[in-house]
Amino acid sequence: METLTTLKVIHIAATALLLLGGLGLALLAWRKRSAGPTVTLQRPWAFVWLLMGISLVSMPFTGWWLVHLIGWPLGQTWILGSSILYTVAALCWFWLVARLNRLRLGKGGNLNFTLALAVISLLGFVAIAGLMGAKPV
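With the UniProt record's numbering, the residue at position 102 of the sequence shown is 102, and numbering never jumps.
Written out as structure tokens, the structure is:
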């Protein structure tokens with residue numbers, strides 16, 4: 001397989017794993033809402049968080065490499081917008097993981113803020129996927 005096709009497959013797979021993992025964790029949290037949001041950090045679901053983290057870290061590298069191989073300038077508005085959205089969504093995701101771990105340890109916290117972090121992260125990644133799919137020039 002050539003490099004460009006391989007990178008596209010890796011980048012799309014990382015995006016799909018991130019969004020599907022988030023959807024699965026959201027459904028789990030919804031179904032077991034009486035047990036609290038920290039049920040998503042229990043052992044079998046920790047692998048999903050790890051997989052999402054690896055996908056999250058790999059996406060900027062594969063994305064930059066794709067842009068470099070295709071020859072698009074990094075100054076295009078949709079690429080810059082995606083980069084800003086990615087930064088905000090990724091920071092919200094990391095903060096969400098830290099808050100859920102804090103809740104798991106019983107240190108308390110505001111559940112509405114935790115939900116807001118999850119929603120901002122989700123909307124950011126869905127918007128990025130839309131921008132990547134549309135590629136408005």
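Ideal placement from N, C-alpha and C gives every residue a C-beta, glycine not left out.
| Query | Result |
| --- | --- |
| Residues near Cys-92 by beta carbon distance below 6 Å, same chain, minus five either side | Leu-117, Ile-120, Ser-121 |
| Leu-18 vs Phe-125 beta-carbon contact at 8 Å | yes |
| Beta-carbon spacing of Tyr-131, Ser-82 below 8 Å | In the sequence as presented, Tyr is not what sits at residue 131; that position holds Leu. Yes, Cβ-Cβ distance for Leu-131 and Ser-82 is below 8 Å. |
| Selection from Thr-87, Leu-56, Ala-26, Leu-80 that minimises the alpha carbon distance to Ile-10 | Leu-56 |
| First through last residue of the alpha helix (DSSP H) which encompasses Ala-35 | Counting along the chain, Ala-35 falls outside any alpha helix (DSSP H), and DSSP gives it neither H nor E. |
| Segment limits, alpha helix (DSSP H) that includes Asn-101 | 77-104 |
| Given Thr-5 as reference, the closest of Thr-62, Gly-24, Arg-33, Gly-53 once Cα atoms are compared | Thr-62 |
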